[in-house]
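Quick note: the sequence shown uses this note's numbering, first residue 343, plus one each step. Here a beta-carbon is modelled for each residue, glycine too, at the ideal position from N, C-alpha and C. Bear in mind that the values here come from a model prediction, so they are computed numbers and not experimental data. To start, the structure under review is shown below, and the notes come after it.
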Amino acid sequence: MTGRRAIFRADASPKIGGGHVMRCLALADGLAEAGWDCCFAVTGQTLETVPAITSAHRHVFLKGPARREVAELEALVGRVELLVLDHYERDVDYEKACRQVADVLLVLEDLPHRWHEADALLDQTLGRDASEYRARVPDGCRLMLGPSYALLRSMFANGRDASLSRRDGTLSRILVTMGYSDPRDLTTLALQAIGAAQCDVEVDVVLGGVSPNISRVRKAIGTLDICVRLHLDTTEMARLMQEADLAIGASGVTSWERCVLGVPTLAVITAENQRTIATRLRPRGLFAWREIGRRIYRSGSSR
343 MTGRRAIFRA DASPKIGGGH VMRCLALADG LAEAGWDCCF AVTGQTLETV
393 PAITSAHRHV FLKGPARREV AELEALVGRV ELLVLDHYER DVDYEKACRQ
443 VADVLLVLED LPHRWHEADA LLDQTLGRDA SEYRARVPDG CRLMLGPSYA
493 LLRSMFANGR DASLSRRDGT LSRILVTMGY SDPRDLTTLA LQAIGAAQCD
543 VEVDVVLGGV SPNISRVRKA IGTLDICVRL HLDTTEMARL MQEADLAIGA
593 SGVTSWERCV LGVPTLAVIT AENQRTIATR LRPRGLFAWR EIGRRIYRSG
643 SSR
């Protein structure tokens, strides 16, 4: 096989969701358009969680323990020009070992709390400063920080104008998206809140097919006397966001997708790594957010 090659190492599961893989898919799509051959190195559970990988790019299965992964990668794909690592459970020693299979190592990160041995590091968090990482990366590591480097699939960027042009302040359609797996079942809480508000709206609910709470969500939908559509493993997220007058969703990867499409959002912090983006976007009027524990809180939306 000729041309430049990139291997992506990221995982997904009902516990950690699909955000790492989805943003890697966005980068892989962009590289593929530029002529790169992209391959995902994943576990079987990852493929079950995000089946979109199979239709988008090549993939290889990793079967051994983490300490043997790099050797397994070398045996499966050989040496590549670029290795993209988006994984909280792979440490600096793992990154050092990656040198034997890749010319360049790019790490995707959300928090400046770990040491890295990378040639480049991308953190798309709003307001992130190079000083937060300099002591944690080697000299010469290229830092790509802030939303200028947000990993967005082309369907979102291409839909911006149409999405903005249809917004007139009315509220007739709500999109609920609490993450790929939503292990805490915040989707059901959101549906209960919508029902309690007695809004005359239509609702689109997005979940991954591996979510452990699909039956509970279906039950909650059945109690509502409004039109609610459940979308599992959808490939139409950009369209659903464009058609939504309000989104209720997690403050993760989809935050930038909603921002680029101008979707008024009530955001929820569902994981600690989402806190920074939520607290930094709110003062700019990009969305309102709430932490949700056992209760659900009502809040106005922000454009």
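- R565 versus S523: straight-line alpha-carbon distance, rounded: It is worth fixing the name first, because residue 565 is Thr in this sequence and not Arg. It is roughly 22 Å from the alpha-carbon of T565 to the alpha-carbon of S523.
- Message: In this structure, how does DSSP classify L447 when only helix, strand and coil are distinguished?
- Response: DSSP places L447 in strand when its eight states are reduced to three.
- Local conformation of L531 per DSSP, three classes: For L531, the secondary structure class from DSSP, reduced to helix, strand or coil, is helix.
- Task: Leaving out five residues on either side along the sequence, give the residues of the same chain with a beta carbon under 8 Å from the beta carbon of R688.
- Result: Past the edges of the chain, shown from 343 to 645, lies residue 688, and the structure says nothing about it.
- With DSSP collapsed to three states, give me the class of R640. Below a pLDDT of 50, predicted positions are generally treated as unreliable, and R640, at 37, falls in that range; the measurement from the model is reported next regardless. Three-state DSSP puts R640 in coil, outside helix and strand.
- Could you give the residue range of the alpha helix (DSSP H) that holds D503? DSSP places D503 in the uninterrupted alpha helix (DSSP H) bounded by R502 to S507.
- Message: Can you tell me whether S523 is helix, strand or coil according to DSSP?
- Response: S523 sits in coil when the DSSP states are folded into three classes, being neither helix nor strand.
- Query: Since L464 and A444 are thought to touch, with beta carbons under 8 Å apart, how far apart are those beta carbons, to the nearest angstrom?
  - Reply: About 15 Å; that fails the 8 Å criterion.
- Item | Integer Cβ distance of I395 from V402, believed to fall under 8 Å | So it is not a contact: roughly 11 Å between Cβ atoms.
- Excluding the 5 residues preceding and the 5 following W457 in the sequence, name in chain order all residues of the same chain whose CB lies nearer than 7 Å to its CB. Excluding positions up to five away in sequence, the list reads V434 and R478.
- Item | Three-state class that DSSP yields for L468 in the structure shown | Coil.
- Decide if L517 is buried, meaning its Cβ has at least 16 other Cβ atoms within 10 Å, or exposed. Classification for L517: buried.
- For I516, which of helix, strand or coil comes out of DSSP? In this structure, I516 counts as strand in the three-state DSSP scheme.
- Message: Just list the residues that DSSP pairs A376 with in beta bridges.
- Response: BP columns for A376 are empty, so no partner.
- Between the region 492-509 and the region 594-611, do at least 3 Cβ pairs fall closer than 8 Å? Look at the beta carbons and you see the region 492-509 touching the region 594-611: at least three pairs across the two are nearer than 8 Å.
- Item | Presumed contact (8 Å Cβ cut-off) between A352 and H362, rounded CB distance | Contact between A352 and H362 holds: their C-beta atoms lie close to 4 Å from each other, under 8 Å.
- Can you give me the Cβ contacts of P454 inside the same chain, cut-off strictly under 8 Å, excluding the 5 residues immediately before and after it? D465, R470, E474, Y475 and R478.
- Query: Using the C-alpha atoms, what's the distance from M579 back to A398?
  - Reply: Looking at the backbone, the Cα of A398 and that of M579 are separated by about 16 Å.
- Message: Since E451 and E437 should fall inside the 8 Å C-beta cutoff, what is the C-beta to C-beta distance between them, to a whole number of angstroms?
- Response: E451 to E437, Cβ: 11 Å. No contact.
- May I ask which residues mark the beginning and end of the beta strand (DSSP E) holding V545? V545 -> beta strand (DSSP E) spans E544 to L549.
- Query: How would you call L494, buried or exposed, if buried means at least 16 neighbouring beta carbons within 10 angstroms?
  - Reply: Residue burial is scored here from C-beta neighbours: L494 has at least 16 other C-beta atoms within 10 angstroms and is therefore classed as buried.
- Query: When DSSP labels each residue in this structure, what does G361 get in the three-state scheme?
  - Reply: Taken through DSSP and simplified to helix, strand or coil, G361 comes out as helix.
- Message: For S553 and E614, I'd like the C-alpha separation in whole angstroms.
- Response: Taking the CA atoms as reference points, S553 sits about 20 Å from E614.
- Contacting residues, own chain, Cβ-Cβ under 7 Å from V419 (five flanking each side not counted): Excluding its 5 nearest sequence neighbours in each direction, V419 has C-beta neighbours in its own chain below 7 Å: I349, C381 and V402, listed in chain order.
- Mapping DSSP to helix, strand and coil, what is E614? Helix, per DSSP.
- Query: How many Å lie between L485 and R622 at the Cα?
  - Reply: The alpha-carbon atoms of L485 and R622 are separated by roughly 20 Å.
- Item | M520 to G482 span [Cα, whole Å] | Computed Cα separation, rounded: 38 Å.
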